[in-house]
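Have a look at the structure below, then the notes.
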Amino acid sequence: MAYVFGPVLSRRLGLSLGVDLTPPKTCTYDCLYCQVGRTTRITAEPYPFVPAAEVIQELEKKLRQVTPDFITISGSGEPTLHSQIDQIIGYVKNRTGFKVALLTNGSLLWRKEVMERVLRADLIMPTFSTAIEETYRAIHNPHPDLTLELLTKGLKSLRQAFRGELMIEVMLLRGFNDRDEEISALRSAIGDIGPDRIQLNTVVRPPSDRRAVALDRKTLEDIKNGFGPSGEIIAEVRRKGREQRFDTLFSQILEMVKRRPVRAADVSSALGVSLRRVNKLLRTLEKRGSIHSKEHGSETYYVA
Ligand code: SF4
98 MAYVFGPVLS RRLGLSLGVD LTPPKTCTYD CLYCQVGRTT RITAEPYPFV
148 PAAEVIQELE KKLRQVTPDF ITISGSGEPT LHSQIDQIIG YVKNRTGFKV
198 ALLTNGSLLW RKEVMERVLR ADLIMPTFST AIEETYRAIH NPHPDLTLEL
248 LTKGLKSLRQ AFRGELMIEV MLLRGFNDRD EEISALRSAI GDIGPDRIQL
298 NTVVRPPSDR RAVALDRKTL EDIKNGFGPS GEIIAEVRRK GREQRFDTLF
348 SQILEMVKRR PVRAADVSSA LGVSLRRVNK LLRTLEKRGS IHSKEHGSET
398 YYVA
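This is the structure we're talking about:
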C-alpha cells in the first residue's frame, strides 16, 4: 500500500491505521527532532500531492482486514499540505464510522480554507512548543512565510471553530525550550489557546539532528506539574493479547519500519505477536538487509 500503513500502536491513540498524504519528506518545517529525517521539500502551499480517490480505495481495502481505534492522518510530512484532506476525512466520517485523528504541526491553520478542511476530525493534535519566535525558528526551521504569530493565530481560530478534542503536543528539547522563562511563556500562550489537553513529549526516537536531546524524566515531571491537571507526559502504552489477522507479518513489519523507527516491543504490541517471535522476525529481516538496528538512549530501534 502506498498511502495507508499499519496498524501501529501509537502512544496516544491505541491501535491506529495511518494515512500518509505527502511524499517524503515534504513539510512546512524541518524540525531538529523529526524522526522521518531532513525535509527535502519545504513548502507552505497546499497541493493534491496524491489523488484522494486512490487513498480512499486503499482505506476501503484495509478496513476490511483491521478494526482500528483511529484512522490517523499523519505520515512523512505535514498532512494539511494536502489540499484534498477534507475529502479523505469526509470519506471516513460519512462511510465508515471510524474516528479520525489528525497529527499536524499546525503551521497552516491560520489559513481559513486549510482550517475548514480539517474541522470534521474527531481529534486534532497540533504541535506548540514555544512562545518565543527565536526558539520557534531554532527548533522548527519553518518555511520563510511562516511565523509563530501565525501559528498562534491559527490555533486560536481552530479552538473557536472546532467541536472535537484539541490536544496540544509540546515537544521539549534540552537547551532549547526547557528554561524557566520559556516554560512560563509557553504556559501562558497555551492558556490563551485553551486546548482540552496538553501532552508533553521529548526526543524518544532517533532525531534528524543530533542537537535534539531529550529531557530527563524528573525535568519533564517538574514541567508537567506547572501545567496543572490538563498536562500529561505521554506514556508508553502496550496492548497485550490483541490479535489481528495480517496478510504477512514480514510485510507488516516492513511497513511499520519504513515509516518510523520502531522497537521490537512496539511491533509486538501493534501486531499482537509475542516479543520472542517478533525478535526472530526482526533478526531475519536484518540478515536479509531489509532493516538495520540503531541504538538510541538505552533502546534498540529498527529502521529501513
Ligand atoms: S516533526 Fe513533523 S513538522 Fe517537524 S519536520 Fe518532521 S514532519 Fe515536519
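My numbering applies: residue 98 is where the sequence shown begins, and numbers increase by one.
Idealized CB from N, CA, C, for every residue including glycine.
Under 7 angstroms: does the beta carbon of residue i sit that close to some heavy atom of the ligand SF4?
i: T137; result: no
i: N376; result: no
i: D306; result: no
i: G115; result: no
i: D127; result: yes
i: G394; result: no
i: V163; result: no
i: H237; result: yes
i: V133; result: yes
i: E142; result: no
i: E266; result: no
i: N202; result: yes
i: G251; result: no
i: G174; result: yes
Please report the Cβ distance between residue i and residue j, rounded to the nearest whole angstrom; I am assuming they are in contact, meaning their Cβ atoms lie under 8 angstroms.
i: L106; j: L114; result: Their Cβ separation, rounded to whole angstroms, is 11 angstroms, which puts L106 and L114 out of contact at 8 angstroms.
i: S180; j: Y130; result: That pair is no contact at about 27 angstroms.
i: Q132; j: R302; result: 4 angstroms
i: L297; j: I320; result: 6 angstroms
i: F273; j: I331; result: F273 to I331, Cβ: 18 angstroms. No contact.
i: P104; j: A367; result: 6 angstroms
i: K196; j: V101; result: K196 to V101, Cβ: 16 angstroms. No contact.
i: A258; j: L216; result: 6 angstroms
i: L243; j: T125; result: 6 angstroms
Starting from residue i, follow its DSSP beta bridges and name the residues at the other end.
i: Q154; result: DSSP, once it has assigned bridges, lists no residue as partnering Q154.
i: D117; result: S171
i: F102; result: G115
i: N298; result: M268
i: R138; result: T123
i: H389; result: V400
i: Y328; result: In the sequence on display, residue 328 carries Gly and not Tyr. Partner(s): I295.
i: V370; result: In DSSP, V370 forms no bridge with anything.
i: M222; result: L200
i: Y144; result: H179
i: V359; result: Y399
Can the beta-carbon of residue i be found less than 8 angstroms from the beta-carbon of residue j?
i: L252; j: G203; result: yes
i: L199; j: M222; result: yes
i: S327; j: I295; result: yes
i: I168; j: P176; result: no
i: E266; j: L245; result: no
i: T227; j: E279; result: yes
i: D117; j: G187; result: no
i: H240; j: T123; result: no
i: I185; j: V163; result: no
i: D275; j: L312; result: yes
i: D293; j: M264; result: yes
i: R256; j: G288; result: no
i: V300; j: A309; result: yes
i: V400; j: V354; result: yes
Any heavy atom of the ligand NAP closer than 7 angstroms to the beta-carbon of residue i?
i: G115; result: Ligands in the displayed structure: the ligand SF4; the ligand NAP is not one of them.
Whole runs of the beta strand (DSSP E) within the region 236-286, excluding any shorter than 3 residues: 262-269
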